[in-house]
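Colleague: All letters in the sequence shown, in the order written, are residues 2 to 156 by my numbering.
Take a look at the following structure, please.
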Amino acid sequence: MSAEITEGILKLFPDAGRERLIPILQEVQKSQGFLSRESVVLIGDHLKLPASKIYGVATFYNQFRFEPLGKFHIQICRGTACHVKGSAPILDSLVKELDIQPGRTTKDGLFSLEVVACIGACGLAPVISVNGEFHARLESDQIPEIIDSYRKKAV
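So, in structure tokens, the structure goes:
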């Protein structure tokens with residue numbers, strides 16, 4: 002299915018050169034939620050660039066993902082206010098509880114974890130967002146309970 006989506010997008014860029022790579026990557030991700038290996042190869046073929054070059058560009062920008070988001074997408078703010086108020090131990094707790102690194106999705110597809118530079122809720126620091134729902138003034142020992150509440154919602 003991702004091949005058809007990607008091919009449809011590439012038809013919108015018939016004579017594209019490497020200068021159109023970012024917009025193509027953005028459109029593919031917007032359509033399928035992430036950049037699949039198959040899509041990267043198709044884009045490379047279309048632009049006459051090796052897949053390694055496509056990956057190199059896409060991994061440089063943190064806006065691009067290479068796997069689908071989880072049902073519950075967790076964003077942890079690491080901006081200045083959140084950092085000062087202790088977001089590092091919260092991130093450590095999320096990594097431990099979910100058994101994934103930032104930028105990854107759990108094997109069951111329930112959770113994805115993303116570190117963001119600022120969530121725009123500095124007065125609530127430290128904060129995480131789960132599908133847009135904010136959890137504010139957190140302590141790392143609250144993370145297991147928060148994750149468990151979302152696991153229960155998934156049933």
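For each residue, glycine too, the CB sits at the ideal point set by N, CA and C.
(1) Could you please give the first and the last residue of the uninterrupted beta strand (DSSP E) stretch that includes residue 130?
(2) Where DSSP assigns a beta bridge to residue 77, which residues make up the other side?
(3) Can we say the segment 54-61 touches the segment 93-107, given the rule of at least three CB pairs closer than 8 Å?
(4) Going by C-alpha to C-alpha distance, which of 71, 122, 154 sits closest to residue 99?
(5) For residue 117 and residue 87, I'd like the C-alpha separation in whole angstroms.
(6) For residue 21, I'd like the list of residues in its chain whose CB is within less than 6 Å of its CB, leaving aside the five on either flank, ordered along the chain.
(7) Just to confirm the assignment: which complete beta strand (DSSP E) runs, minimum length 3, are found wholly within the segment 18-78?
(8) Please list, in chain order, all residues of the same chain as residue 103 whose beta carbon is under 7 Å from its beta carbon, the five residues on each side excluded.
(9) Among 7, 131, 124, whose alpha-carbon lies nearest the alpha-carbon of residue 82?
(10) Can you give the beta carbon distance from residue 7 to residue 53, rounded, assuming they're within the 8 Å contact cut?
(11) Since residue 35 contacts residue 68 with CB under 8 Å, what's their CB separation in whole angstroms?
(12) Determine the burial state of residue 84: buried for a count of at least 16 other Cβ atoms within 10 Å of its Cβ, exposed for fewer.
(13) Quick one, are the C-beta atoms of residue 75 and residue 112 less than 9 Å apart?
(14) Tell me whether the beta-carbon of residue 11 lies closer than 9 Å to the beta-carbon of residue 25.
(15) Please identify the residue among 156, 101, 30, 141 whose C-alpha is closest to the C-alpha of residue 64.
Modeller: Short version:
(1) 129-131
(2) 116, 129
(3) Touching, no.
(4) 71
(5) 15 Å
(6) 14
(7) 73-78
(8) 114, 115, 116
(9) Selected option, being the one with the closest Cα: 124.
(10) Between residue 53 and residue 7 the Cβ distance is about 18 Å, and since that is not below 8 Å, they are no contact.
(11) 6 Å
(12) exposed
(13) yes
(14) Taking the C-beta atoms as reference points, residue 25 is found nearer than 9 Å to residue 11.
(15) 30
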